[in-house]
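**Student:** Line by line, the protein sequences are chains A and B. Be aware that the first sequence starts at 8, since it is given in the working numbering, and climbs by one per residue. Be aware that the second sequence starts at 2, since it is given in the working numbering, and climbs by one per residue. Heads up, the beta-carbon is just placed ideally off N, CA and C, and yes, glycines get one too. Treat the numbers as computed from the prediction; the structure is a model and nothing was measured. Structure in structure tokens, see below.
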Amino acid sequence: MSGTGALSVRYPFERNVREENRLQVMQDQSEDLSAALAACAKGDRKALRHIYDSEAGRLVAVAQRILRRRDLAEEAVQEGFIRIWTKAHQFEPGRGSARGWIYAVIRNHALNMLRDGKREDLVTSDKLEELQDREQIDQIMASWQRLESGSRLHECLGALEETRRRTILMAYVGGYTHGEIAGRLRLPLGTAKSWIKRGLSALRECMR
Amino acid sequence: MTGTNPEHDIIHLADEYVLGLMEPMEAAAFEVRLERDAELRAAVEASRDRFLPLDATAEPLDVPEELWQRIDAGISAARPTPEIATAPSPAASNDNIKSGWRWTAMASLAATVLLAVTLGWSLLTRPDPVVIAVLLDAKGEAQAIVEDFGNEQATVKLLADFTVPEGKTLQVWTLPSQDMGPVSLGLLENSRSAALKGPALPKPQGEQLYEITLETAGGSPTGRPTGPILVKGFAKAPR
Numbered sequence: 008m009s010g011t012g013a014l015s016v017r018y019p020f021e022r023n024v025r026e027e028n029r030l031q032v033m034q035d036q037s038e039d040l041s042a043a044l045a046a047c048a049k050g051d052r053k054a055l056r057h058i059y060d061s062e063a064g065r066l067v068a069v070a071q072r073i074l075r076r077r078d079l080a081e082e083a084v085q086e087g088f089i090r091i092w093t094k095a096h097q098f099e100p101g102r103g104s105a106r107g108w109i110y111a112v113i114r115n116h117a118l119n120m121l122r123d124g125k126r127e128d129l130v131t132s133d134k135l136e137e138l139q140d141r142e143q144i145d146q147i148m149a150s151w152q153r154l155e156s157g158s159r160l161h162e163c164l165g166a167l168e169e170t171r172r173r174t175i176l177m178a179y180v181g182g183y184t185h186g187e188i189a190g191r192l193r194l195p196l197g198t199a200k201s202w203i204k205r206g207l208s209a210l211r212e213c214m215r
Numbered sequence: 002m003t004g005t006n007p008e009h010d011i012i013h014l015a016d017e018y019v020l021g022l023m024e025p026m027e028a029a030a031f032e033v034r035l036e037r038d039a040e041l042r043a044a045v046e047a048s049r050d051r052f053l054p055l056d057a058t059a060e061p062l063d064v065p066e067e068l069w070q071r072i073d074a075g076i077s078a079a080r081p082t083p084e085i086a087t088a089p090s091p092a093a094s095n096d097n098i099k100s101g102w103r104w105t106a107m108a109s110l111a112a113t114v115l116l117a118v119t120l121g122w123s124l125l126t127r128p129d130p131v132v133i134a135v136l137l138d139a140k141g142e143a144q145a146i147v148e149d150f151g152n153e154q155a156t157v158k159l160l161a162d163f164t165v166p167e168g169k170t171l172q173v174w175t176l177p178s179q180d181m182g183p184v185s186l187g188l189l190e191n192s193r194s195a196a197l198k199g200p201a202l203p204k205p206q207g208e209q210l211y212e213i214t215l216e217t218a219g220g221s222p223t224g225r226p227t228g229p230i231l232v233k234g235f236a237k238a239p240r
């Protein structure tokens, strides 16, 4: 038996949870995830399994938006979970959210895989690349529309000029680099960088 | 714009890091800074939580059970973690936390002792390097030492065996400044310690980042690090 009673209750993952409830559910889960990380740091494998049951499906989806390939996304989640296990003691509750910490571990791993050139492997022709690119970018823009309407991030991204919003979403959701964003938007690199910088600054200002 | 306001700069760097917009070497340097700088950590945590709702928009996918099995197997192979006690007592859990800290402290201590030994040794035997960097792996273990003499000469001593796949090579890099970006100091042929002749660079500074990445044989085709970072560390000037 695990000593941490809360963890023996498995959190049923609500696939079809209504939009307006989603963030609240996620906040409640974050406290639960914080306890699970503390238990991982003490060597409780069930706690890691608990995080897996509640988050793995979404984490694979997040990694797939970055890496585009399902197999690579699963690899990122696999390696990421091993990292969560070995680094759980570094999480400090009461600072950033446990959820943010867990997602950052997987995101960083996916980004590292991407920068190591794994995504390039899937490019077979320019045409295919363009097609996948367009689909990818549509999917990225849709992530903004899927944000809870009325939430600060939704409103503040909405207040940005369209291209600036696009650059920020391409970076965060799709893992695009400065250079890739400049290329896709046909902008000089310096211009793209300064748009992103101003976009981020306006976003912080708005969300303050 | 408030580009000269240091607080503003920190917050912007945090955003760039969280969005994955830094070059891998910049990101590596940033992560080392992050470990020591609580203000920077707070900025990163705030930035993460600002953007997290975007991750929540991803529709969860069905994951195969074997993904968990691979994770479970990976954990067993990873650094030994304390076994779960059938009824963990508060004392036992405290011990675990302490041992985590102790492990980190030991690793830092080992790196420091190694640095001290190297310093003593190199001061006695040769012209002084301008800076010395102990390069650590992801577990915080010292794997290599770079001595940069600041005259286009640097020596790299490997302290561990590096497994390098066929068609790959170890490449040594430094980051003289954010503006210059990462610069290659040279390749380690046959994965051995070597004296390298690099390009003319500004005088190396304390806190300058050095790292070794795995690149395709002949060195990175782009002139910038493209492969995984194997080890990295910040330089110190001998006193």
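With a Cβ-Cβ cutoff of 7 angstroms, do ILE76 (chain B) and TRP202 (chain A) count as a contact?
**Tutor:** no
**Student:** Listing by chain order, which chain A residues have their CB less than 7 angstroms from the CB of ILE12 (chain B)?
**Tutor:** Within 7 angstroms Cβ-Cβ: ARG211.
**Student:** For a test of the three-state rule: what should DSSP assign to ARG22 (chain A), helix, strand or coil?
**Tutor:** Low local confidence applies: a pLDDT of 36 at ARG22 (chain A) is under 50, so the model's placement there is unreliable, and no value is given.
**Student:** Would you call the CB atoms of GLY199 (chain B) and LEU186 (chain B) closer than 7 angstroms?
**Tutor:** Between GLY199 (chain B) and LEU186 (chain B), the gap from beta carbon to beta carbon is short of 7 angstroms.
**Student:** For a cutoff of 7 angstroms on Cβ pairs, would you count ASP16 (chain B) as touching chain A?
**Tutor:** yes
**Student:** Using only the alpha-carbon positions, how far apart do GLN152 (chain A) and TYR179 (chain A) sit?
**Tutor:** Rounded to whole angstroms, GLN152 (chain A) and TYR179 (chain A) show a C-alpha spacing of 15 angstroms.
**Student:** Can you find a C-beta in chain A that's less than 7 angstroms from the C-beta of ALA30 (chain B)?
**Tutor:** no
**Student:** According to the neighbour-count rule (16 or more other Cβ atoms, all chains shown, within 10 Å of its Cβ), is LYS204 (chain B) buried or exposed?
**Tutor:** exposed
**Student:** Do the segment 196-213 of chain A and the segment 12-20 of chain B touch if we need at least three Cβ pairs shorter than 8 angstroms?
**Tutor:** yes
**Student:** Determine whether the Cβ of VAL112 (chain A) lies closer than 7 angstroms to any Cβ atom of chain B.
**Tutor:** no
**Student:** Hey, quick one: how far does the beta strand (DSSP E) through LYS233 (chain B) stretch, first residue to last?
**Tutor:** Per DSSP, LYS233 (chain B) belongs to the beta strand (DSSP E) from 230-237.
**Student:** With 7 angstroms as the threshold, decide whether the Cβ of GLY75 (chain B) is near any Cβ in chain A.
**Tutor:** yes
**Student:** Out of curiosity, what's the CA-to-CA distance linking LEU66 (chain A) and VAL84 (chain A)?
**Tutor:** Rounded to the nearest angstrom, the two C-alpha atoms are 7 angstroms apart.
**Student:** Which residues in the same chain as PRO128 (chain B) place their Cβ atom closer than 7 angstroms to its Cβ, once the five residues preceding and following it in sequence are excluded?
**Tutor:** PHE150
**Student:** First and last residue of the alpha helix (DSSP H) that includes ALA134 (chain B)?
**Tutor:** Per DSSP, ALA134 (chain B) lies in no alpha helix (DSSP H); the unbroken beta strand (DSSP E) holding it starts and ends at 132-137.
**Student:** With distances taken between CB atoms, is the gap from LEU210 (chain B) to LEU176 (chain B) smaller than 7 angstroms?
**Tutor:** yes
**Student:** Leaving out the 5 sequence neighbours to the left and right, which residues in its chain are closer than 8 angstroms to ARG77 (chain A) when beta-carbon positions are compared?
**Tutor:** VAL67, GLN71
**Student:** Distance check for SER194 (chain B) and GLY194 (chain A), CA to CA, integer angstroms please.
**Tutor:** A small fix is needed here, since residue 194 (chain A) is Leu in this sequence, not Gly. The straight-line gap from Cα to Cα measures roughly 44 angstroms.
**Student:** Does the Cβ-Cβ distance between LEU154 (chain A) and PRO54 (chain B) come in under 7 angstroms?
**Tutor:** yes
**Student:** Contact criterion: CB-CB distance below 7 angstroms. Does TRP202 (chain A) meet it with respect to chain B?
**Tutor:** no
**Student:** So, are the CB atoms of SER192 (chain B) and LEU215 (chain B) less than 7 angstroms apart?
**Tutor:** Taking 7 angstroms as the Cβ cut-off, SER192 (chain B) and LEU215 (chain B) do not qualify as a contacting pair.
**Student:** Measure the alpha-carbon distance for PRO222 (chain B) versus SER158 (chain A) and round it to whole angstroms.
**Tutor:** 45 angstroms
**Student:** Name the DSSP bridge partner or partners of TRP174 (chain B)?
**Tutor:** B:SER185, B:GLU212
**Student:** Excluding the five sequence neighbours on either side, which residues of its own chain have a C-beta within less than 6 angstroms of the C-beta of ALA28 (chain B), listed in chain order?
**Tutor:** none
**Student:** Quick check on the DSSP output: the alpha helix (DSSP H) that includes ALA220 (chain A) runs from which residue to which?
**Tutor:** Nothing can be reported for residue 220 (chain A), as the shown portion of chain A is limited to 8 through 215.
**Student:** Please check the pair GLY103 (chain A) and GLU46 (chain B), which I expect to be a contact at CB under 8 angstroms, by giving their CB distance rounded to whole angstroms.
**Tutor:** 3 angstroms
**Student:** Taking only beta carbons into account, state which residues of the segment 167-199 of chain A come closer than 8 angstroms to chain C, listed in chain order.
**Tutor:** Although the question refers to chain C, the structure presented lacks it and instead comprises the protein chains A and B.
**Student:** So, at 7 angstroms on beta carbons, what are the nonlocal neighbours of CYS163 (chain A) in its own chain, with the 5 sequence-adjacent residues on each side left out?
**Tutor:** If we look at CYS163 (chain A) and ignore the five residues flanking it on each side, its Cβ neighbours are LEU210, CYS213, MET214.
**Student:** For GLU86 (chain A) and ILE213 (chain B), what's the separation of their Cα atoms in angstroms?
**Tutor:** 22 angstroms
**Student:** In whole angstroms, what is the alpha-carbon distance linking VAL232 (chain B) and ASP138 (chain B)?
**Tutor:** 4 angstroms
**Student:** Go ahead and label THR82 (chain B) buried or exposed: buried means 16 or more other beta carbons lie within 10 angstroms of its beta carbon, across all protein chains shown.
**Tutor:** Only weak support exists for where THR82 (chain B) lies, its pLDDT of 44 falling under 50; the coordinates are left without a value.
**Student:** Compare the C-alpha of TRP69 (chain B) against each of A:VAL112, A:ALA189, A:GLU62, A:LYS94 and name the closest.
**Tutor:** A:GLU62
**Student:** Please look up how many angstroms separate the CB atoms of ASP123 (chain A) and PRO229 (chain B), rounded, as I've assumed it's under 8 angstroms.
**Tutor:** 6 angstroms
**Student:** Around the Cβ of MET177 (chain A), are there at least 16 other Cβ atoms within 10 angstroms (buried) or fewer (exposed)?
**Tutor:** With 16 or more Cβ atoms within 10 Å of its Cβ, MET177 (chain A) is classed as buried.
**Student:** State buried or exposed for ARG37 (chain B), treating a residue as buried only when at least 16 other CB atoms are found within 10 Å of its CB.
**Tutor:** exposed
**Student:** Does ILE89 (chain A) come within less than 7 angstroms of chain B when only Cβ atoms are used?
**Tutor:** yes
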